[in-house]
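Read through the structure below, which is laid out as structure tokens, and then see the notes.
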Amino acid sequence: MKTELKYNLKKLTVLIILTAVYLFPLSGCAKEQNNNNNQNSMTDADELPEAVRRINSAVNPDYNNNYNIEEMPERISTKSTLRRQSSTKEGYAYGRLILYTGELAKYENIKSIEYSLENCVGSFMDTKEVDEKLSVKEAIMSTENVPYILEGGLQEDVYFSVYYYYDLSHSIKEQTKEIQECIKHLRITMKINFDDGSSKTEEYSVLYKSETSSEFSMMRFCRLEKQ
13 MKTELKYNLK
23 KLTVLIILTA
33 VYLFPLSGCA
43 KEQNNNNNQN
53 SMTDADELPE
63 AVRRINSAVN
73 PDYNNNYNIE
83 EMPERISTKS
93 TLRRQSSTKE
103 GYAYGRLILY
113 TGELAKYENI
123 KSIEYSLENC
133 VGSFMDTKEV
143 DEKLSVKEAI
153 MSTENVPYIL
163 EGGLQEDVYF
173 SVYYYYDLSH
183 SIKEQTKEIQ
193 ECIKHLRITM
203 KINFDDGSSK
213 TEEYSVLYKS
223 ETSSEFSMMR
233 FCRLEKQ
């Protein structure tokens, strides 16, 4: 009887050990998978290139929601240019769209105009800065939206640049939408000061005429009026 009991206890011990040996790796796999899932969800955003994160954090798609949009009839001038730079190592392409503002303020007796750009990575500039050679990616990380002061009313040398990116693995249609998202939510604010000491503020944005083209020939300036 004692011999049989010892034998059964040995069998039970062996069975418990075998079960533990079998289940332990499965438990480890499950933990590893959970850890991997948690790690992926935590690091996806962090793994984006710095330039992409900078633009994403600068653009709020709802920024102009409380405005009525009035399309302006003039085409955006052919003085505008487009400059692209790819970074296949990161899987993204970066670009700089330089838009010629032209005579948005059509008034007489203008003493000065203060331009500012919001809800994008970009800046106003004059003709001298249009051809600066800083790389697009470097510019995305260093550009600051500081006001630009134009003395007098001659607006023939006023430009602004907007920086964008798109994912090289996406379709052309998706890439176009990504470019538009970096640009179409921006807001231009112009404080116009007159010789008599009065002033007025006007606000503008960029309207795309086509969802499948991001070229400046398919853009229009539009006036923003608060609802």
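First residue of the sequence shown: 13, per my numbering; consecutive thereafter.
Ideal Cβ placement from N, Cα and C applies to all residues, glycine included.
Owing to the predicted nature of the structure, the values given are computational and were not obtained by experimental measurement.
C-alpha distance - residue i paired with residue j, whole-angstrom precision
i      : j      : result
Gln192 : Ser226 : 6 Å
Leu35  : Glu156 : Summary for Leu35: the model assigns pLDDT 46, below 50, so the residue's position carries little reliability; its value from the coordinates is reported in the next sentence. Roughly 57 Å separates the two Cα atoms.
Tyr104 : Ser211 : 43 Å
Ile125 : Lys101 : 42 Å
Asn78  : Cys194 : 19 Å
Gly114 : Glu190 : 26 Å
Tyr127 : Tyr75  : 18 Å
Met84  : Ser147 : 32 Å
Three-state class that DSSP yields for residue i in the structure shown
i      : result
Lys101 : coil
Met153 : helix
Thr113 : coil
Val218 : strand
Ile88  : coil
Ser69  : helix
Glu237 : strand
Val170 : strand
Short Cβ contact (8 Å threshold) for residue i with residue j
i      : j      : result
Phe206 : Asn121 : yes
Gly209 : Val174 : no
Tyr176 : Leu109 : yes
Tyr112 : Met137 : no
Which listed residue (the options) has its alpha carbon closest to that of residue i
i      : options                        : result
Tyr106 : Lys189, Gln239 and Ile152      : Ile152
Ile204 : Val170, Gly165 and Arg65       : Gly165
Ser217 : Lys91, Leu116, Ile67 and Arg65 : Leu116
Quick one: any contact between the segment 156–171 and the segment 227–236, if contact means 3 or more CB pairs under 8 Å? no
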